[in-house]
Structure formats: C-alpha cells, structure tokens
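Participant: In numbering that gives the first Met the number 0, the protein residues as written are 0 to 501.
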Amino acid sequence: MKLSKFLFGTTIGLAAGLLALYYRRDKTVQAPARKPNTKIFDDFSAIDLGEFTDHLTLAAADKTALVLEQSENEYVSEGSLTTPVFDLPQFKQLVASWNALTPEGTAVQVEARINQGERWSAWHSWGRWSTKVLSASVKQDREDSIAGIDTDTLTVKNGVGTKAQLRVHLYSENPQQTPVLKLVAASVMPVHHDLMVDEHAVSIDKVIATPAYSQEIRDPKLAPGICSPTTISMALNRQNADILPEELALHNLDITYDGFGNWSFSTAAAGSMGYRAYTAYTSLDGLRRQISAGYPVGVSVQYTNDPDNGELPYVENAIGSTYGHLLLVTGFTQLNGVDYVAVNDSFADSNEDAKRLYRLEQFSEAWHSRVAYIIGGNYHGYERLMQPSRESVKLVANDERTAFTLRQDGETVAITPKMVEQADPFDQQTVTIAYTVDDGGQFDTTAQQHFDYADADEEGRIKLDLAAIKQAHPSATTVTVYVIRMVAPTLVGTVSLADSND
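(1) In angstroms, rounded to a whole number, what distance separates the CA positions of TRP122 and TYR381?
(2) Just to confirm before moving on: does the CB-CB distance between THR82 and PHE40 stay below 8 Å?
(3) How far does the beta strand (DSSP E) with GLU410 in it reach, from first residue to last?
(4) Just verifying my parser: in three-state terms, what is the DSSP assignment at GLY49?
(5) Counting only the same chain and skipping the five closest in sequence on each side, list residues whose C-beta sits under 7 Å from that of VAL504.
(6) For LEU359, which residues from the same chain have a beta carbon less than 7 Å from its beta carbon, with the 5 sequence-adjacent residues on both sides left out?
(7) Inspect the beta-carbon positions of VAL206 and GLY330 and report whether they are closer than 8 Å.
(8) Going by CA-CA distance only, name the one from PRO473, ASP464, THR444 and GLU457 that's closest to ASP451.
(9) Check the C-beta distance from ILE225 over to ALA269 and give it rounded, since I have them as a contact under 8 Å.
(10) Secondary structure at GLN447, three-state DSSP: helix, strand or coil?
(11) Three-state secondary structure (DSSP) at SER76?
(12) Does the beta-carbon of THR63 have 16 or more other beta-carbons within 10 angstroms, so that it is buried, or is it exposed?
(13) At a cut of 8 Å, does the segment 241-258 reach the segment 283-292 through at least three beta carbon pairs?
(14) Consult DSSP for ALA487 and reduce its assignment to one of helix, strand or coil.
(15) Starting from PRO66 and walking both ways along the beta strand (DSSP E), at which residues does that stretch end?
(16) Rounded to whole angstroms, what's the CA-CA distance from THR52 to THR177? Just pull it up for me.
(17) Tell me the DSSP secondary structure of GLY375 in three-state form.
(18) Where does ALA185 sit, in a helix, a strand or coil, going by DSSP?
(19) Which same chain residues end up closer than 8 Å to LEU356 when comparing Cβ atoms and leaving out the 5 residues on each side of it in sequence?
(20) Decide if ALA497 is buried, meaning its Cβ has at least 16 other Cβ atoms within 10 Å, or exposed.
(21) Are the C-beta of HIS54 and some C-beta of chain B separated by less than 8 Å?
(22) May I have the straight-line CA-CA distance separating THR27 from ASP86, to the nearest angstrom?
(23) Tell me which residue opens and which closes the alpha helix (DSSP H) that PHE425 is part of.
(24) Give the straight-line distance between the Cα atoms of TYR274 and GLY376, rounded to the nearest whole angstrom.
(25) Tell me where the beta strand (DSSP E) around GLY147 begins and ends.
(26) Just to check my reading of the structure: GLU348 and ASN261 have Cβ atoms closer than 8 Å, yes? What is that Cβ distance to the nearest angstrom?
(27) Identify which residue in LEU194, ALA487, ALA467 and MET485 has its Cα closest to the Cα of VAL478.
(28) Kindly indicate which three-state DSSP category ASP352 falls into: helix, strand or coil?
(29) When you compare each of SER495, LEU182 and TYR277 to ASP61 by their alpha carbons, which one comes out closest?
(30) How long is the line joining the alpha carbons of GLN427 and ASP344, rounded to whole angstroms?
(31) So, is GLN212 buried or exposed, given that buried needs 16 or more other C-beta atoms within 10 angstroms?
(32) Excluding five sequence neighbours on each side, which residues of the same chain lie with their C-beta closer than 8 Å to the C-beta of VAL84?
(33) Using only CA atoms, which one of VAL494, ASN239 and ILE148 lies nearest to TYR434?
(34) Can you tell me where the alpha helix (DSSP H) with THR255 in it begins and where it stops?
(35) Starting from the Cα of TRP119, find the closest Cα among PHE362, GLY160 and TRP97 and give me that residue.
(36) Please specify which runs of the beta strand (DSSP E), each continuous and at least 3 residues long, are wholly inside the segment 380-412, giving them in chain order.
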C-alpha cells in the first residue's frame, strides 16, 4: 500500500495545521493541534488501486481523477472507491461532498459511515446523483442505532462520532461512457470547538466584485425556493461562467426533498461545471481566508429584520424574515469603526438591491449553522465545462406573430402549458421559458439582464406578443428566448422585432 496524498487527503483544519503555543512555568510547550474538521480527497494519482478501489482506474487525460475500468474497449457497469478511515474531532453532524462528471447514462453515489469507539455505523447514502437524470436523496434510510441521514446531513443519534470513512460508487448504463470522480469530502461540526467564536486570526478589508441576482424576480414558480442555485450562480459567474439561476436550479433538484437546497447536491452542481467545490462547516476566519484568496462563499442563514421577532436572529438592513436561506458572502469591511460583512442576498426585490452590508456580529448569529459552500477555481483542463449546456433552435411564428413553434434539427419541440406551470411537484417535464430583449443595456453576465417569462399554448407553442414587446421596448431589435429544461440542455433562439415574419 502506498502512502500518498490519497491516504492522508487534503485537510482543512480549524487551526490551519499550526500548533498553538502556551506558556507554563517559563517553558514554551506545544499544545496538541486541533484535528481538522474537513477531510478532502482530491488527488488520486498515487492511489493503490488494488487497496482502495474496485473496477476503477485513473483517467487517461487526468491522472488525478478516477473512472471505470474498461474491458475490451467497453466500460464496466460499476466500480467503487473506499477511502481509508480518517480521524475527526468529536462530532454530531457530517456532510459529504463530491465533484464528478456524469455523462449520459452515468451516475455516482456517495456513502459514509462513522465510528464510535469499537462500533461502526451502517453505510449511509447521499443518493444516486447525475446531471443527466433527476437525482434524489434517500427516501428511507438504513436501520442503524448509531447514525441516520436526513437529505444532506448524517447525524449521530447518541454520543459522538470520532472517525469516518467514505465510499463512492460509479455507475454506467452506457459501455461507451464513464463518470469521472474528481473529489470526495466530508466535513463535521465539532462538538468541543465552538465555530461561533470569532478568533479573528485573519484580518481583511476586501469586497470582491460579484454579480448580484435577486431570486424574487426569476421564474415565479421557482423563485421562492432557489436561493441555493442563485447563490451558486453568483459565485460561478464571478469567475468564468455565465449561467442563469434557473439553469442551475433545474440541474439541482432533489426529487425526494422536492427542492433545490440540498447542500451536497448544490456544490456537486458547481463541481460538474469544472469548479473545485464542497460543503464545509467553518468559521468567520474560514470565510476570511476564502475572501482573501478571491472566492466568495455561500452560507446558510436564518434571520429577521424585525427586532421584536423573538424567534430568529435580528439582522439590521436585512430584507425580511427567513427560517432557512442561502446567501453569498463577498467580503469584509469596516465603516465608522463598525465591522460589516458584504453579501449578495438573493432575498432582495431587485438585482441592484441584493448587494448589502450586514453587521458582523448580527451576521454571525444569523449564520449559526456554520455551513458554507466553498467554491474555488476551475480544474485545469476542465475549462470546457464552465458554461451551461445550450443548443440553438429556430422559432417559427404564426401569422399574428403571437405564438412560436420550436424547431430543432427539423423537428418540432412541443412545450405544453403543464410543463411551464406545474410546480407541485416539479418533475422531468418542468420547463422555464425566459426571454430578454436587446434594448441597449450593458451587463457583465446574462443573468443581470431583465427577464420576462412566457407561457405555452395548447398547441405546444410559446406565447410571445411581439407587437406588445416592441411597444414596451421601442429601441429593441431582437428577442432572445431561453427554454430551460430539467436536466437537459437549454434551448436558445432569437426572434427579430422587425415587421417581417422570420
């Protein structure tokens, strides 16, 4: 067995690997280092394949990634990775993360088990996950007296966990395709180290320029529940991507949870676009380190703007009240001697209003979960993945130019009213039809443009009244339509606002 990066992983500790010093009787003594609370396996290049994997091998084009083995030029249908056991600070909650590419017909499944003294829990699954089919967290967890999973969080039932182990299954129903595993990680909330305490070991006065989006002005059927996809979209578009919040949302649905806020699925969605991303429990200093490195951070919060609420943490200048919400931290600064956290808060009523400053101590209380989306740079060699998958279509108008048939490769693509309207529950057929006009505005990202949302008629056509659009936007010359589909490429077409029928 090789001792390697794989064996030890990448550790992100509460003390960042430094030993604390304290003094006793004029002697300098090294205190024990805190155990890291996040364990990351992200370089499989030195792995002993026989020891840790079954039917997996290194990717030919990326020796740090794992893929299924081939037999006679066909990929096997299933393989697995089992990590070494790793120590953790005593914990009650564990969240797993992964970065994987899942071409058509492939999927991955991440599992974890935890240790209590001489006892191990059962293996608990985060569900079968893919960007090409609907994904689901587990509906019914395994019977286990030690731990249980709820959507994205594994919780120790009695006592605490002290060790963990991860297992990843790679699946393929297509012998010509394989998933690609880039990263698997686990993060825990330590029991005996309070992440709420601001040690302020990192000082920074920096706000990262980041596009800000309001979820409230997006597709009305999605808007109430897409804080997580909107947060991820802002973080990715700060880098190289140009994705709409609805596009990320419709690739991030957890059909068991019936929502878009699964923490593990959310960072996996970012990972599927080639970005190094994972969910972690961290501290204010952990956020400061990410901001210092140039990366905004998504965080899970609860708050109210009503000082008399009595149930939720009060945050001055917040938009309203929420029992569960994701927002993007873009920096730390100080005004008139007061420390502030700069955020893009999608709860705002407009893109412009989403950029806000929250008092540091109030933000810290609102962020009592200490859950964060750590989204780093694009993996080298994976730059082709950083943009959403889109395909061009032709929009064929009726005589009145009020309804348009979608044509792709000579075939009609029918969009029914139910596909556009149904929201309870969302399913494979869910569609968002968004459109924008070129009326002269300059925007850094597509999502910052003003979007309206269209319906479909009973004949499967998109309802667009070009005369009304032209009247509202006299300087505009074209309409761009985005048909955003569940776990499928977005269809994009343009229509001229000139009098001629295109």
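Each residue gets a CB set at the ideal place from its N, CA and C atoms; glycine is no exception.
Facilitator: In terms of the structure at hand:
(1) 31 Å
(2) yes
(3) 410-412
(4) helix
(5) As displayed, the chain neither begins before 0 nor continues past 501, which places residue 504 out of reach and without an answer.
(6) ASP338, TYR339 and VAL340
(7) yes
(8) ASP464
(9) Between ALA269 and ILE225 the Cβ distance is about 15 Å, and since that is not below 8 Å, they are no contact.
(10) helix
(11) coil
(12) buried
(13) no
(14) coil
(15) Per the sequence shown, residue 66 should be read as Val rather than Pro. VAL66 -> beta strand (DSSP E) spans 61-67.
(16) 15 Å
(17) strand
(18) strand
(19) ASN316, THR332, LEU334, TYR339, VAL340, ALA341 and VAL342
(20) exposed
(21) Reference to chain B is not applicable here, since this structure consists of a single protein chain.
(22) Because THR27 carries a pLDDT of 39, less than 50, the predicted location of this residue cannot be relied on, and no value is offered for it.
(23) Unbroken run through PHE425: none, as it is neither H nor E.
(24) 6 Å
(25) 146-149
(26) The sequence given here has Asp at residue 348, not Glu. Contact flag wrong, Cβ pair sits at about 26 Å.
(27) ALA467
(28) helix
(29) LEU182
(30) 29 Å
(31) The sequence given here has Tyr at residue 212, not Gln. Buried is the call here.
(32) ASN114, LYS162, ALA163 and GLN164
(33) VAL494
(34) No alpha helix (DSSP H) holds THR255; DSSP gives it neither H nor E.
(35) GLY160
(36) 389-391, 393-396, 402-407 and 410-412
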